[in-house]
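In my numbering, the protein residues as written are 3 to 327.
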């Protein structure tokens with residue numbers, strides 16, 4: 003699958019794969035993403051005890067082109083319930099007294115393959131990427147929670163029954179929004195209500211323009227309600243800038259996670275099995291290294307350092323390949 007290369011969760015000084023913002027900050031907005039061809043700054047800050055964030059497009063403190071308020075989501079915090087009759091349950095107390103809030107803004111790496119343009123900064127907001135009007139657009143996650151009683155946690159004291167609840171954050175989908183707060187498009191996460199699966203996190207996230215269309219890739223942490231096992235899938239989405247519509251076009255299961263530094267290529271394999279091997283090769287086919295699959299592997303980079311490398315996981319059930327710079 004040609005688009006599988008878009009799944010690579012690479013991290014290096016030159017290629018920044020991003021997840022949701024964990025704190026305030028700012029990033030440049032490339033001039034190519036503004037209608038007037040001028041570079042701006044995207045400034046991100048928390049407000050009102052972190053329940054809300056403000057995203058501004060500005061040249062300076064006195065020159066703000068756009069400002070939007072974005073609701074954050076609560077941090078998932080486990081808690082206890084109590085019941086006088088074992089049927090009607092009510093909240094008792096939380097495991098974490100300060101649950102906090104987390105951003106819903108999705109920042110991403112942008113790649114214009116049509117024009118060989120690869121900016122190195124994160125993109126929080128753009129003016130001409132998702133449509134051609136004069137308003138600024140951004141993407142936010144649609145967050146919900148899955149509350150499940152823990153088996154065997156019930157206990158009785160003074161005629162009251164208590165049980166412990168595990169709360170898991172669930173990403174139901176994501177929205178393309180404009181600066182007026184208008185929802186331009188919504189995309190539901192694939193299989194979010196099938197087979198007891200749900201998306202817990204988007205850990206890698208970027209958009210590439212290919213033949214005038216936008217292909218979005220997300221590395222998704224998928225959980226299962228029945229046994230809490232997790233695995234990574236690579237989600238693929240097609241965004242049509244003419245209509246601002248989003249369509250899920252596929253999800254590929256991946257057990258590999260790859261990170262990159264100037265000195266080494268690091269590979270992590272979830273649920274590694276006996277006989278599985280990981281190999282790293284250059285684009286010219288030259289073998290960089292091979293090792294038994296495990297949760298933590300590190301391959302020293304060749305003296306040349308830069309370049310694109312193929313990371314291959316091979317076992318009895320087939321072969322999985324990612325690329326990293």
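C-beta: ideal position from N, C-alpha, C; glycine also.
query                                                                                                                           : result
Is the region 167–182 touching the region 137–146 in the sense that three or more CB pairs, one from each, lie closer than 8 Å? : yes
Could you spell out where the beta strand (DSSP E) holding residue 285 opens and where it closes?                               : Unbroken run through residue 285: none, as it is neither H nor E.
DSSP three-state call for residue 322: helix, strand or coil?                                                                   : strand
Is residue 214 near the ligand MN - that is, is its Cβ less than 6 Å away from at least one heavy atom of it?                   : This structure does not include the ligand MN; it has no bound ligands of any sort.
If distances are taken between C-alpha atoms only, which option among 56, 77, 37, 127 comes closest to residue 173?             : 77
Does the region 43–62 come close enough to the region 97–112 that 3 or more CB-CB pairs lie under 8 Å?                          : yes
When you compare only the Cα positions, how much space is there between residue 73 and residue 302?                             : 43 Å
Can you check which of these residues, 85, 279, 131, is closest to residue 36 by C-alpha distance?                              : 131
Where does residue 98 land, buried or exposed, given buried means 16+ other C-beta within 10 angstroms?                         : exposed
Give the straight-line distance between the Cα atoms of residue 150 and residue 90, rounded to the nearest whole angstrom.      : 15 Å
Distance check for residue 83 and residue 164, CA to CA, integer angstroms please.                                              : 6 Å
In three-state terms, what does DSSP make of residue 311?                                                                       : strand
Using the Cα positions of residue 3 and residue 226, report the straight-line distance between them to the nearest angstrom.    : Interpretation of residue 3 is limited by its pLDDT of 32, a score under 50 that renders its predicted location unreliable; the figure taken from the coordinates is listed afterwards. For residue 3 and residue 226, the distance between alpha carbons rounds to 26 Å.
With distances taken Cα to Cα, identify the nearest neighbour of residue 237 among 220, 92, 244.                                : 220
Once DSSP output is grouped into helix, strand and coil, what is the label at residue 275?                                      : coil
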